[in-house]
Every structure is written in structure tokens, then in C-alpha cells.
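Right, one structure below, let's go through it.
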Amino acid sequence: MSETGPGADLGIGMVGHAFMGAAHSQAWRVAPRFFDLPRTPRMVVLAGRRAEAARAAAERLGWEGWETDWRRLLDRDDVHLVDVCTPGDTHAEIAVAALEAGKHVLCEKPLANTVAEAEEMAAAARRAAAHGVLAMVGFTYRRVPAVALARQLVAEGRIGEVRQVRAQYLQDWLADPSAPLSWRLDKEKAGSGALGDIGAHAVDLAQFVTGQRLTGVSGLLETFVHERPHPAEGGSALHGVGGAGTGPVTVDDATAFLARLTGGGIATFEATRMAWGRKNAIRLEVNGTAGSIAFDFEDMNVLHLFDATEPGRTAGFRRIVVTEPDHPYVGAWWPAGHGLGYEHGFVHQAVDLVRALADGTQPEPSFDDGLQVQRVLDAVERSAAAGSTWTPVDGGAAHRAPAPGTTSGPSGPTTDGDAAGTIDERSA
-17 MSETGPGADL GIGMVGHAFM GAAHSQAWRV APRFFDLPRT PRMVVLAGRR
33 AEAARAAAER LGWEGWETDW RRLLDRDDVH LVDVCTPGDT HAEIAVAALE
83 AGKHVLCEKP LANTVAEAEE MAAAARRAAA HGVLAMVGFT YRRVPAVALA
133 RQLVAEGRIG EVRQVRAQYL QDWLADPSAP LSWRLDKEKA GSGALGDIGA
183 HAVDLAQFVT GQRLTGVSGL LETFVHERPH PAEGGSALHG VGGAGTGPVT
233 VDDATAFLAR LTGGGIATFE ATRMAWGRKN AIRLEVNGTA GSIAFDFEDM
283 NVLHLFDATE PGRTAGFRRI VVTEPDHPYV GAWWPAGHGL GYEHGFVHQA
333 VDLVRALADG TQPEPSFDDG LQVQRVLDAV ERSAAAGSTW TPVDGGAAHR
383 APAPGTTSGP SGPTTDGDAA GTIDERSA
């Protein structure tokens, strides 16, 4: 790998350029302008299947060049990191090839479509790490300041021992049966539906905030709409209208499952893309022996904390507006009270990744972390197929994540005040 050390540019090659590609592009553009980074991300090349679309996306999103075959990124000495923003059925091939070519990798979630693919990717990442080549999976909601603060408070013991977790991810973009088909509704490309697309985030957040893992599950999966129209010509499958003809939906529309935590607590999870009125409601509540925390992404700059040690006559949930300069990541942005948005999590992800690479430390979440989430998703599917029987999460040995610190990298979120082949472009 042709890198020249601290202070050198970090050449980025991105594969895919739709929804996630746009979010990652903005992060790479913005990160060095608000955070002091040991290396400056350089947006070298974007890869997409169609030449015209790739060229237009590169110009629009700020990339220096474009390719129609992602493999060409692996041959370029000016590409040091490959950013995988494609559907899940392509993750394993691209990520493994990039690691074997000596490129660092950032891969969107879920890590893969199957446990076998995820195991292959995690093994490749472990082999590459022995040579200083590192990989991270993009569970971006970890980098929301309120979520990072929740993790710190739980690790500090502010709510005592964790007893119960309730995690939801609710959307409504498929609630209308006339909403069109997309690759997200094709099991061959997506792996699963609401379970993997958004339920994976709920699983990762619950494990991240509590510092514990899920050891077993009992799950349900349901598909409510089995046929949908193809997208209208020139329209978007995510927010477009249906056109002529229909095709089958081969994934779940919704899932619900129970789980057991390594610390002995219990958890409930729900993920759906059929909940009218819920646009991106990622909700997490953790109840402990000494209090509770609660978060809802639709009010993403706020964290609620209940301290059970306070006198009952004045006790109640405390509303914390997470915009102070000593809150995770916030010091690099705006004056207190000026909230952040969805895109800032991707910037924080880029910052943590660049700093970890410069330090030579494993960025988090690792591919092993992504594999563990994949095993949870697989256990839910197996449980649902077997009449919701209790199903252990394979490889789910007891684990407690380290308490987050105040620096970037694997110890936890940043809390600084740095003022300063071919692949298509289906949205990931």
C-alpha cells in the first residue's frame, strides 16, 4: 500500500453513488473542514456501472474521477481506502478483494447478506490487520452525539445494571401497497427486508449503548404486500411512484423479536417499513437498576435520562439537549443549542476512521462486530422459520465492550472541540 504516513493525503475510492454514496461523499468533503485530522481525505475516484451516471455523480458529489469497474480502484496507487456503498450482495466480493489488495475498507451495513459471507469478510479483515490494513463497517447511528452520550452514561453506571432494552426502527415508505419495487425488496440482493435494512441498526445500537451482546432470540417475520409495481421510468424506488407491471416482494416487511443480553437482561426489538407516520423513528430505551435513558432519532439532538436515586416528589425524565461543546463530537460544530442532522453522523464516522488509520488502531465497529450482528439477524430468521422457537446466536459468547473514552478510535466516540468487475449504482 503506497501511503506516506501521517500528514499525507488518504486517497478514497468509493463504489456506488446513490443514497449512501451521496451521504459518504458529503462526509469525506466536510470532515477535514471541521475537524483537525492527521491525514486529509482525498476523493480520488468513484465507481459505478454506467459511464454516464458515474461521470455525472462524480461531478455532482465532488470526486476527481470515475470508473465503470470497481476492480480498477484496486490497481491504483493513489487509492488507499475503498468505501463500499453498494447493495449487500456485492459487499463480500468487493471488500475481500480490496483488503487482499492492501486497501483499507469502509463497508456499509449490514456487513453481508449471509453469515457465511460475513465470516469470509471478517476472516479477510483479520488477515489484513496483521499487515496494517484495517476495515470498518458503517453502523453510522453510533456517531449521533446523543447516542454516543447514552453509551458513556451507561458505561459510567448512571442507570446501574441493565435490566431491559426496547429498540425500534420504524419507517413508513412501504406502508402504501402502491409504493414501487426496489432492490431492497429482493432477497437475492438485500438478504432480508426490514430485518437487515433497519433492524440491523437497532441491534447494533442496543449492543453499542449497553456494552453487551445478544445471546439468543425468538423472532417473527411478516410480509404484508407480496406484489408491488415496478418503478415508473426515471423515478426513484425509495420515494417514487409505481409504473407498469408488478413483481414479487421476497423479503420481510416487518419483524419483531425477543432477545437475551449477556448481562442477564432482556430486550425487545421491532423493525418495520410499514408504520404510517413514522419517517425514521429509531427509538432506544434502556432501563437499569438506578435509572433509564431514552432516545428517538426523530428528535435526534435530545437524550432523556431518568435518575431513580432522586427523591420521588421531584423525580422525572431529564431532557438533555446534546449540543454542548463537551458532548461527543459537538465541539467541532456550532454554538450550543444549534442542532446537528442526519449527515453529521457520517462525518463523525469519517473522522473516527481517519484517526484510527493514522494511529494504526482497529476502527469500530470492526468486521467482527458486523459478523456478530449478522449472526443475530440469522438467528431471528431461523427462529421465525421454526415457529418462533428460542434460537441461540451462534458465536455469541459473553462480551462487554470497553467503556468509551474521549478520543477517537476503538475506545469510543470523539469528544473534542476541534474548531478547525462492474457494479451498479443501486442506492445502498
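In terms of the numbering used here, the sequence shown is residues -17 to 410. We treat Cβ as the ideally placed atom computed from N, Cα and C, and that holds for glycine. Please read all numbers here as calculations on a predicted model, not as lab measurements.
- Among the bridge pairs identified by DSSP, M282 is matched with none.
- Beta-bridge annotation (DSSP): C89 is paired with V66, V119.
- Straight-line measurement puts the Cα of V97 at about 12 Å from the Cα of A105.
- In the DSSP secondary-structure assignment, D289 is bridged to G273.
- When only Cα atoms are considered, A249 and R242 end up about 6 Å apart.
- Between P347 and L335 the beta-carbon gap is near 11 Å, outside 8 Å, which marks them as no contact.
- The C-alpha of A176 lies about 32 Å from the C-alpha of R37.
- Under the three-state reduction of DSSP output, Y324 falls in the helix class.
- For T250, the pairing in a beta bridge is given by DSSP as R148, L240.
- In the three-state DSSP reduction, M2 falls in the helix class (H, G or I).
- For D376, the secondary structure class from DSSP, reduced to helix, strand or coil, is coil.
- Of the other Cβ atoms in all chains shown, 16 or more fall within 10 Å of the Cβ of K85; this residue is therefore buried.
- CA-to-CA, the gap between T232 and E325 works out to about 30 Å.
- Secondary structure note for I302: its beta strand (DSSP E) is the uninterrupted segment 300 to 303.
- L(-8) and R21 do touch by the CB rule: their CB atoms are close to 4 Å apart, below 8 Å.
- For T22, the pairing in a beta bridge is given by DSSP as D(-9).
- I141 sits in coil when the DSSP states are folded into three classes, being neither helix nor strand.
- By the criterion of a C-beta distance shorter than 7 Å, W165 is surrounded in its chain by P69, K171, A172, R408, once the five residues flanking it on both sides are discounted.
- Taking C-beta atoms as the reference points, V375 and R357 count as a pair closer than 8 Å.
- Taking a C-beta distance under 8 Å as the contact criterion, L156 and R255 qualify as a contact pair.
- With contact defined as three or more Cβ pairs closer than 8 Å, the region 266 to 280 and the region 176 to 195 are in contact.
- In this structure the region 64 to 79 lies against the region 89 to 103, because at least three pairs of beta carbons, one per stretch, are closer than 8 Å.
- The shortest C-alpha to C-alpha distance from V199 to any of T192, G259, D360, A33 is the one to D360.
- The continuous alpha helix (DSSP H) containing T192 extends over residues 182 to 192.
- Between A137 and F277, the beta carbon gap of about 15 Å keeps them out of contact (Cβ cut-off 8 Å).
- The beta carbon of S160 lies closer than 6 Å to those of G224 in the same chain, with the five residues before and after it left out.
- With respect to L116, A338 sits close: the two C-beta atoms are nearer than 8 Å.
- According to the DSSP assignment, G198 belongs to the beta strand (DSSP E) that extends over 196 to 204.
- Note on geometry: alpha-carbon atoms of P23 and I302 lie some 33 Å from one another.
- In the DSSP assignment, G259 falls outside any alpha helix (DSSP H) and carries neither an H nor an E.
- When DSSP states are grouped into helix, strand and coil, A226 belongs to the strand group.
- Judged by DSSP secondary structure, H73 falls outside any beta strand (DSSP E) and instead within the alpha helix (DSSP H) spanning 73 to 82.
- About 5 Å separates the beta carbon of R210 from that of L163, a gap short enough to meet the 8 Å contact definition.
- Straight across, the Cα-Cα distance linking R32 with R42 is about 15 Å.
- Per DSSP, the unbroken alpha helix (DSSP H) holding G352 starts and ends at 349 to 367.
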